[in-house]
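Enquirer: So the number in this note's numbering is just where the residue sits in the sequence shown, counting from 1, plus 17.
Note that CB positions come from ideal geometry on N, CA and C, so glycine has one too.
Got a structure here, written out as C-alpha cells. Questions coming.
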Amino acid sequence: VQLQASGGGLVQAGGSLRISCVVSGDIVFNINPLAWYRQAPGKQREWIAAITSGNAVNLADSVKGRFTISRDNAKKTVYLQMTSLVDEDTAVYYCNRPVGWPVWSWGQGTQVTVSS
Numbered sequence: 018v019q020l021q022a023s024g025g026g027l028v029q030a031g032g033s034l035r036i037s038c039v040v041s042g043d044i045v046f047n048i049n050p051l052a053w054y055r056q057a058p059g060k061q062r063e064w065i066a067a068i069t070s071g072n073a074v075n076l077a078d079s080v081k082g083r084f085t086i087s088r089d090n091a092k093k094t095v096y097l098q099m100t101s102l103v104d105e106d107t108a109v110y111y112c113n114r115p116v117g118w119p120v121w122s123w124g125q126g127t128q129v130t131v132s133s
C-alpha cells in the first residue's frame with residue numbers, strides 16, 4: 018500500500034487549507050478506516066482524526082471544531098479540511114489507518130506551515 022499526501026503549504030494564521038491523501042495498492046479501500054496524523058518539529062507523531070468505513074468520524078480535542086475529515090471511496094482518497102489554523106498546527110501531516118489497526122508503510126506526508 019502506498020500513501021500519497023498532498024495539498025500542504027504555507028498559510029496565515031486564521032486561514033484554511035484542505036489536504037488530501039490517495040491510497041493505492043492491493044486493498045479494498047472502502048472497508049478500511051482511515052486517519053490523519055501529524056508530527057510537529059521535535060515532537061512525536063500524534064493522531065488527530067479518524068473516519069470509519071461508514072463515515073463515522075472522531076477528532077482529537079486539539080482540532081475538534083476546526084478540522085473535518087472526509088473520504089471519497091471512488092477516488093480512494095481521504096481529506097482533511099482545516100480551518101482557523103494556528104501556529105501549533107504547523108507539522109507534517111500523514112494519513113494511515115487509525116490507532117489499533119495494523120498501519121501501512123508511512124508515506125512522505127505533506128508539510129503544513131502556519132505563519133502568524
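Are ALA23 and THR127 close, meaning C-beta to C-beta below 8 Å?
Expert: One-based indexing of the sequence shown puts residue 23 at position 6. One-based indexing of the sequence shown puts residue 127 at position 110. Before going further, note that residue 23 is Ser rather than Ala in the sequence given. In contact: SER23 and THR127 (Cβ atoms closer than 8 Å).
Enquirer: With the cut-off set at 8 Å, would you say ALA52 and ASN90 are in Cβ contact?
Expert: Numbered from 1 along the sequence shown, position 35 holds the residue referred to as residue 52. Numbered from 1 along the sequence shown, position 73 holds the residue referred to as residue 90. Not a contact, by the Cβ cut-off of 8 Å.
Enquirer: When DSSP labels each residue in this structure, what does ASN47 get in the three-state scheme?
Expert: Taking the first residue of the sequence shown as position 1, residue 47 is located at position 30. ASN47 falls in the helix class under three-state DSSP.
Enquirer: To test your reading of the DSSP string, which unbroken beta strand (DSSP E) runs of 3 or more residues are found completely within the stretch 80-123?
Expert: If we require 3 residues or more, the beta strand (DSSP E) runs fully inside the stretch 80-123 come out as 84-89, 94-99, 108-113.
Enquirer: Pick helix, strand or coil for GLN61, following the three-state DSSP scheme.
Expert: For the purposes of this step, residue 61 is identified with residue 44 of the sequence shown, where counting begins at 1. Coil at GLN61, not helix or strand.
Enquirer: In the structure shown, what three-state DSSP assignment does GLN128 receive?
Expert: Start at 1 with the first residue of the sequence shown, and residue 128 comes out as number 111. Three-state DSSP puts GLN128 in a strand.
Enquirer: So, helix, strand or coil for SER70, using DSSP?
Expert: Residue mapping note: residue 70 aligns to position 53 of the sequence shown, counting from 1. Three-state DSSP puts SER70 in coil, outside helix and strand.
Enquirer: Between ARG55 and GLN98, is the Cβ-Cβ spacing less than 8 Å?
Expert: For the purposes of this step, residue 55 is taken as the residue at position 38 of the sequence shown. For the purposes of this step, residue 98 is taken as the residue at position 81 of the sequence shown. Cβ distance not < 8 Å, so ARG55 and GLN98 don't count as in contact.
Enquirer: Helix, strand or coil: which one does DSSP assign to ALA77?
Expert: Along the sequence shown, one-based indexing puts residue 77 at 60. Looking at ALA77 - three-state DSSP - the assignment turns out to be coil, as it is neither helix nor strand.
Enquirer: Report all residues from its chain with a CB closer than 6 Å to the CB of GLY25; omit the five preceding and five following residues, and keep chain order.
Expert: Against the sequence shown, residue 25 aligns to sequence position 8. So the qualifying residues of the chain are ILE36, THR127, GLN128, VAL129.
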